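Here the sequence shown stands for residues 287 to 1008, where the numbers follow my numbering. Quick notes on the structure that follows.
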Amino acid sequence: MFSKKINNQNIKFIVFVVLFANFIHVSSGHTADNSTKTTEVIFEADTIEINQNEGVIIAEKNVLFQQGQYKLRADKVIYNQSADIGNAYGNVTVTNEDGITTKADKLQLNENFQNIVASPLLTILSDGSRFRAQSGERKEGIKAVYNNGVFSPCICDYEAGETPIWDLRSSKIFHDYQANTIRHENVRMHILGLPFIFLPWIAHPDPSVNRRSGLLIPEFKFSEDTGTVVNSPMFVVLDETSDVEFRPNMTANRGNILETRYRKLWDKTDLNATIFTGYVSTFDKNREDVLAANIKMNSSIQDGWKINLDFKRSSQDTFLRRYDLDDETALRSEFSGNKTTNNSHYHVEFSEVQNLTDTSSERNSPITLPSITVEKSGKGFIEGHILKTKIHANHIWQDLGHDVSRWNIQQTNFNSYENKLGIFENEIGYLGSIYQVNKRNDGFTNTGEVIRTNIHASSAWRRYYNYTVNKKSLIFEPKIKLTFIGGDDKNNDIPNRDSADFRIDSANMFLTNRFQGYDYVLPGARADIGLSAFTNSKILGSLHGFAGVSRRHTGEVPSGLTAGNDKDLSDYVATVSAEKENLYVLSWSGRINSTSSNLDESRTKFSANILNTKLTVAHTQLTQNYFTSADGDLEEATVSVSQSLNNNINLRASQNWDLSNSLVSRDKSSFIISWSDGLQDCLALSLRYERDPESDRDIKITETYQILFNFKYLGGVPYDRN
């Protein structure tokens, strides 16, 4: 018998003895040409005893075996070559290449390190999830079995005595590495150390799984109208590129609705479809079969065309809002195609709007069949000029009682140049329009064919002036634009369906035809004047301001589109903004009546970030004289606050007030408290309260309360004993 004992600190053997060739199975691999590839192996200890006759190695004190990412530490290791068994004792820790850490007092390794048997056994997965058991066995890459085990994904300081918020305690736990599934038998769920629920078994994906079929976390909420509402969703993976989710919404008072979500991804196509089916209380009946669809698809096809489908339809006009499935008061369906090149753009659109509020829905459910737009840019008539051509055609039905077809062609020649006096921009062009008005319902009697032709010309100048004040740059940009529009005024013959909400602001003041779309054209001559200013302040941040006004020389006041009745001046327009990065944003915009000097419109918004708190205050005011159909002034204010606390706790609250007619009325309210990443990263909790005073035909003023618990990884998967 030959035995040799070596006493030396941190003795290292690099790819050391033939004796370890079988034991160290990870020390060799195979390259593409089947040759053996050897990597560095480190084996060290304070004391190593080698008995070559019996094939036994005993290493003691600070034992370390490491190759690549595989690492074993222990107080003592005994390896028997003939039995191919290694035993580790005392403070044993094993970490493999998948980031799984195993800890035990006593641990046995066999089958070339492939199999581990330990008692007691503690396993920590790469995401921090823990298994703790009286005893257990793990076979690398295949499975692990834990007897009388406890599992928790909670991240806490176990060594300091901190306990997880929740855990699963089972008679046996199976971790299938090949199916990436963890299964518990005879399981008790404990929350804050107290038993909460018992199940004969439960299974869920391990941390490596991104998608898995199974039951999702149920949601509970309470509404004064519908009572308690339970949503218990189920998720099904169909294949690598498609899945479906079933979300049954079961109400205590008003019936049940099934929401089905289907997703499919192809090479160049993405489909998202949601179908709502149910038997619920509606405005028409105590119980009624309802059906709604929301289907979205986008795709890229040949020659650079992009196709988009957005289909929305409901069999009954209030159930989506009543059951908190969709808050829209109109559902717009659209199919469109777009193609853009370096100098052209093509757009084709078919659309329909389903009105969900107007009892006379046929009057206000517009259908567009179709809308076609072609835009091209090319060389102008003169060298250095650009000619833009835009052709548009559409047909619309049932748009507030209007059936209208229109064809438009617009060509504009642009030119821009710069010299020491500033930047000069010129344009000249024409707009030709043909309308076929089949039906009118706005007090006009004219129907039939309407032809309109207009020419337009403009010339603009602007220049930057840069000054230095207290070592800060102050930039001024004055701008003047002279515009002439000639030709027919057919505004009493053509229904204005695309500019009815016009109001002058800093964005449209310098447009040649400042009214959106084609329907409204106001011939005449005007001069637009504005001044912008920019600067930076160390204390206030970036500062910007604008003031402008438009003066008419010929032409009429835009009928029904502006509050002022001054035949010469438009309203005065001004904007002011200040922003300091990561601290605050302040903006104000307004319009002052050029005749009365009253403030007809004001919009103010302030946002600030202070100590993880974001505060937003907004105020909007519009005077009655601007809206000819309004009963009084419109004014509202909104305050919203969001706060991020420790442990990823987030608070959000918002409140709206209706301040019209000098009254203060509390409007929509909401409050949400949530743990976005979850307590100990294993339990997400959200509480929501919402009060909506808006009422509809069968939608009452309601208060809604919702609580949502989300336990990390829990969801059902098929049970399989094999």
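Even for Gly, the Cβ is constructed at its ideal location relative to N, Cα and C. Note that this is a predicted model, so its numbers are computed, not measured.
Proximity of residue i and residue j at Cβ, strictly below 8 Å
i      : j      : result
GLY834 : VAL859 : yes
ARG607 : VAL639 : no
GLY513 : ASN535 : no
ASN822 : GLY772 : no
ASP462 : SER438 : no
ALA430 : LEU408 : no
ILE451 : LEU478 : yes
THR615 : LEU595 : no
LEU502 : PRO519 : yes
ASN752 : ILE761 : yes
SER494 : ASN466 : yes
ILE695 : GLY718 : yes
LEU551 : THR563 : no
ILE364 : VAL378 : no
SER940 : THR924 : yes
TYR804 : ASN782 : no
ASP953 : ASP944 : yes
ILE790 : ARG877 : yes
SER651 : GLN684 : yes
ILE720 : ARG692 : yes
ASP736 : VAL755 : Position check: residue 736 holds Val in this sequence, whereas Asp was assumed. No, these two residues do not count as a Cβ contact at 8 Å.
HIS671 : ASN628 : no
ASN868 : ASN895 : yes
Residues near residue i in its chain [Cβ-Cβ closer than 8 Å; skip 5 each side]
i      : result
TRP487 : ARG469, HIS470, GLU471, ASN472, VAL473, TYR1005
GLU445 : none
Cβ distance (whole Å) where residue i is taken to contact residue j below 8 Å
i      : j      : result
GLN802 : PHE788 : 7 Å
THR555 : MET583 : 7 Å
GLU426 : ASN382 : 7 Å
VAL516 : PHE506 : 6 Å
VAL566 : THR546 : Not quite, the Cβ-Cβ distance comes to about 16 Å (not below 8 Å), so this is no contact.
THR698 : GLU711 : At roughly 12 Å, the Cβ-Cβ gap does not stay under 8 Å, so THR698 and GLU711 are not in contact.
ASN580 : THR560 : 4 Å
THR568 : PHE621 : That belief does not hold up - the Cβ atoms of THR568 and PHE621 are roughly 29 Å apart, past 8 Å.
Contact set for residue i: own chain, Cβ-Cβ below 6 Å, skip 5 residues either direction
i      : result
LEU817 : PRO764, ALA833
ASN308 : Here ASN308 scores only 41 on pLDDT, less than 50, and its place in the model should not be relied on; the value that follows carries that caveat. The answer is none, since no qualifying residue turns up.
ILE658 : VAL634, ALA679
ILE958 : ARG938, ARG974
GLY590 : LYS625
HIS830 : PHE820, SER863
THR902 : SER893, SER926
GLN394 : ASN373, VAL403
VAL660 : TYR632, ILE677
CYS442 : GLU448, PRO450, GLN966
SER313 : With a pLDDT of 34 at SER313, under the threshold of 50, the modelled position of this residue cannot be trusted; read the value that follows with caution. Contacts found: VAL327, GLN353.
PRO504 : SER518
ARG738 : SER719, ASP774, LYS776
LYS598 : ASN580, LEU617, SER619
ILE371 : ASN396
ASP784 : GLN802, GLY803, ASP805
LEU908 : GLU887, LEU920
Which of helix, strand or coil DSSP assigns to residue i
i      : result
ASN472 : strand
GLN588 : helix
SER873 : strand
ARG608 : helix
ASN947 : helix
TYR432 : strand
GLU638 : strand
GLU669 : coil
LEU994 : strand
ASN396 : strand
TYR444 : helix
ASN542 : strand
Residues of its chain near residue i, where Cβ-Cβ distance is below 7 Å and the 5 sequence neighbours each way are ignored
i      : result
ARG838 : GLY810, ARG812, LYS853, ASP854
MET475 : TRP452, LEU454, PHE482, ILE483
ASP603 : LEU642
THR655 : The identity of residue 655 in the sequence shown is Leu, whereas the question assumes Thr. Hits under 7 Å: PHE636, HIS681.
ASN942 : GLU922, THR924, ASP953, LYS954
ASP613 : ARG607
Min CB distance residue i to chain C below 8 Å
i      : result
TYR806 : Here chain C cannot be found, since the structure has a single protein chain.
**Item:** Every unbroken beta strand (DSSP E) inside the segment 323 to 380 [3 residues or more]
**Value:** 328 to 330, 333 to 337, 342 to 353, 356 to 366
**Request:** Could you tell me which uninterrupted alpha helix (DSSP H) segments, each at least 4 residues in length, are contained entirely in the segment 684 to 749, listed from first to last along the chain?
**Result:** none
**Item:** Unbroken stretches of the beta strand (DSSP E), 3 residues or longer, contained in the segment 519 to 575
**Value:** 520 to 525, 528 to 537, 541 to 551, 555 to 566
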